[in-house]
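Let me begin by presenting the structure, written as structure tokens, before commenting on it.
In our numbering, the protein residues as written are 128 to 505.
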């Protein structure tokens with residue numbers, strides 16, 4: 128690669144300087160005037176000739192860019208250093224690829240997942256370990272034999288991870304329980320009643336109170352109005368659903384304290400590579416603050432986890448209640464109320480009552496639900 132230099136000098140008497148350079152048989156390229164300066168490019172041996180002439184003429188100049196020709200020794204040395212560096216990188220990758228750095232257990236059931244994780248720890252699969260140590264079939268059989276609820280187990284190596292996938296066995300269906308009688312678990316309005324055995328004492332639309340008998344353990348062998356009717360004792364079996372109401376009350380003053388960010392922030396980083404972790408030594412100096420944490424993982428062979436935590440300084444500010452604030456508090460109250468609902472509860476309707484009193488807002492939130500309302504007595 129030829130030598131190359133970009134030179135800047137004062138434009139004063141620039142035509143004379145250009146002629147002097149050309150008289151010395153110095154080839155000039157890309158000659159131009161920029162910012163009251165003469166700028167030109169020279170190549171090869173002309174680089175040193177041009178600089179020597181400028182020094183002889185005592186011209187003020189500046190070499191803004193220069194590329195020197197490399198000797199063959201320097202080129203060989205650079206290639207050797209570069210090649211050795213790549214050799215070290217490839218060797219490091221090869222060595223690193225022989226290890227596992229993380230164990231992942233994929234399971235639907237958290238209890239079963241914890242059991243399998245304990246088995247892996249007992250077998251020595253934790254931290255960093257050689258892939259050659261992993262006997263997939265032996266580990267699979269160990270998991271299946273040590274857990275009673277596992278129907279399927281798969282073990283595989285994915286990059287620098289040992290991935291164990293498990294499926295829980297289906298539980299046997301339990302027969303519906305039989306009782307001497309079935310009673311109301313709470314005050315409600317009956318919406319559905321399914322009798323498998325016994326006699327229903329209520330119907331849809333009836334209001335019942337807690338403890339009231341709903342299904343009795345007998346059947347009529349004849350017409351119930353017939354004096355010769357016989358009540359044959361049987362087990363009471365069935366399902367009863369009823370309509371109930373749940374409510375929550377909000378009392379909101381017309382002024383409230385909110386927090387806003389001041390614009391001051393502080394960032395703390397944490398980097399994990401294999402089993403090694405580096406944490407930033409920065410300390411949060413804010414008295415009031417909010418925190419946001421972002422995590423990013425890269426690499427399959429050598430997994431690198433980067434965790435960036437940002438602290439935002441906040442300050443308290445008094446605000447007046449508005450519609451958006453009221454709606455946000457209502458939504459939060461609904462979420463809190465719904466968290467108490469059981470999985471088999473069905474929401475039929477929902478509504479709110481709002482009242483303004485002096486400097487207060489009173490808000491009542493109601494839910495109409497259909498739920499199982501029975502319990503059995505043996």
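Using N, Cα and C, we set each Cβ at its ideal position, and we do this for glycine too.
All values reported here derive from a predicted model rather than from experimental measurement.
Enclosing beta strand (DSSP E) for residue i [first to last residue]
{"i": "residue 295", "result": "288-295"}
{"i": "residue 472", "result": "Neither: residue 472 is in no beta strand (DSSP E) and is coded neither H nor E."}
{"i": "residue 389", "result": "382-400"}
{"i": "residue 315", "result": "315-324"}
{"i": "residue 164", "result": "164-170"}
{"i": "residue 304", "result": "Looking at the DSSP string, residue 304 is not in any beta strand (DSSP E), and its letter there is neither H nor E."}
{"i": "residue 277", "result": "277-285"}
{"i": "residue 353", "result": "Looking at the DSSP string, residue 353 is not in any beta strand (DSSP E), and its letter there is neither H nor E."}
Own chain partners of residue i with C-beta closer than 7 angstroms, once the 5 adjacent residues on each side are dropped
{"i": "residue 350", "result": "356"}
{"i": "residue 505", "result": "306 and 307"}
{"i": "residue 246", "result": "269, 270 and 273"}
{"i": "residue 421", "result": "435"}
{"i": "residue 176", "result": "151 and 153"}
Nearest-angstrom Cα separation, counted from residue j out to residue i
{"i": "residue 483", "j": "residue 496", "result": "28 angstroms"}
{"i": "residue 164", "j": "residue 152", "result": "22 angstroms"}
{"i": "residue 346", "j": "residue 306", "result": "14 angstroms"}
{"i": "residue 424", "j": "residue 242", "result": "27 angstroms"}
{"i": "residue 277", "j": "residue 214", "result": "46 angstroms"}
{"i": "residue 280", "j": "residue 227", "result": "19 angstroms"}
{"i": "residue 481", "j": "residue 490", "result": "4 angstroms"}
{"i": "residue 488", "j": "residue 447", "result": "12 angstroms"}
{"i": "residue 293", "j": "residue 225", "result": "25 angstroms"}
{"i": "residue 138", "j": "residue 217", "result": "54 angstroms"}
{"i": "residue 405", "j": "residue 141", "result": "59 angstroms"}
{"i": "residue 310", "j": "residue 323", "result": "15 angstroms"}
{"i": "residue 300", "j": "residue 499", "result": "Any reading at residue 300 must be qualified, since the residue scores a pLDDT of 45, below 50, and its modelled position is unreliable; the value itself is stated next. Cα to Cα, residue 300 sits roughly 19 angstroms from residue 499."}
{"i": "residue 221", "j": "residue 285", "result": "15 angstroms"}
{"i": "residue 473", "j": "residue 466", "result": "13 angstroms"}
{"i": "residue 460", "j": "residue 239", "result": "34 angstroms"}
{"i": "residue 252", "j": "residue 463", "result": "41 angstroms"}
{"i": "residue 207", "j": "residue 172", "result": "28 angstroms"}
{"i": "residue 282", "j": "residue 231", "result": "10 angstroms"}
{"i": "residue 452", "j": "residue 369", "result": "35 angstroms"}
{"i": "residue 162", "j": "residue 187", "result": "15 angstroms"}
{"i": "residue 386", "j": "residue 408", "result": "27 angstroms"}
{"i": "residue 502", "j": "residue 312", "result": "6 angstroms"}
{"i": "residue 363", "j": "residue 332", "result": "21 angstroms"}
{"i": "residue 258", "j": "residue 400", "result": "17 angstroms"}
{"i": "residue 492", "j": "residue 455", "result": "13 angstroms"}
{"i": "residue 469", "j": "residue 382", "result": "35 angstroms"}
{"i": "residue 477", "j": "residue 318", "result": "18 angstroms"}
{"i": "residue 371", "j": "residue 237", "result": "33 angstroms"}
{"i": "residue 375", "j": "residue 384", "result": "23 angstroms"}
{"i": "residue 129", "j": "residue 223", "result": "42 angstroms"}
{"i": "residue 267", "j": "residue 261", "result": "11 angstroms"}
{"i": "residue 494", "j": "residue 250", "result": "52 angstroms"}
{"i": "residue 143", "j": "residue 184", "result": "11 angstroms"}
Which of helix, strand or coil DSSP assigns to residue i
{"i": "residue 223", "result": "helix"}
{"i": "residue 413", "result": "coil"}
{"i": "residue 150", "result": "helix"}
{"i": "residue 407", "result": "coil"}
{"i": "residue 501", "result": "strand"}
{"i": "residue 263", "result": "helix"}
{"i": "residue 177", "result": "helix"}
{"i": "residue 234", "result": "coil"}
{"i": "residue 435", "result": "strand"}
{"i": "residue 183", "result": "helix"}
{"i": "residue 359", "result": "strand"}
{"i": "residue 210", "result": "helix"}
{"i": "residue 217", "result": "helix"}
{"i": "residue 328", "result": "coil"}
{"i": "residue 337", "result": "coil"}
{"i": "residue 484", "result": "strand"}
{"i": "residue 191", "result": "strand"}
{"i": "residue 139", "result": "coil"}
{"i": "residue 255", "result": "coil"}
Contact belief for residue i with residue j at Cβ below 8 angstroms, rounded distance in angstroms
{"i": "residue 166", "j": "residue 135", "result": "5 angstroms"}
{"i": "residue 398", "j": "residue 444", "result": "No, residue 398 and residue 444 are not in contact; Cβ-Cβ is about 36 angstroms, not under 8 angstroms."}
{"i": "residue 361", "j": "residue 320", "result": "That belief does not hold up - the Cβ atoms of residue 361 and residue 320 are roughly 17 angstroms apart, past 8 angstroms."}
{"i": "residue 457", "j": "residue 377", "result": "7 angstroms"}
{"i": "residue 415", "j": "residue 440", "result": "7 angstroms"}
Residue i: first and last residue of the uninterrupted alpha helix (DSSP H) it sits in
{"i": "residue 462", "result": "450-465"}
{"i": "residue 243", "result": "237-249"}
Cβ-based neighbour list, residue i, same chain, cut-off 6 angstroms, excluding 5 preceding and 5 following
{"i": "residue 132", "result": "169, 174, 190 and 193"}
{"i": "residue 158", "result": "167"}
{"i": "residue 147", "result": "none"}
{"i": "residue 149", "result": "none"}
{"i": "residue 234", "result": "240 and 293"}
CB contact below 8 angstroms: residue i versus chain B
{"i": "residue 307", "result": "Judged by its chain identifiers, the structure shown contains no chain B, having just a single protein chain."}
Close beta carbons around residue i, own chain, < 8 angstroms, minus the five adjacent residues each side
{"i": "residue 411", "result": "393, 395 and 438"}
{"i": "residue 256", "result": "226 and 227"}
{"i": "residue 391", "result": "413, 439 and 440"}
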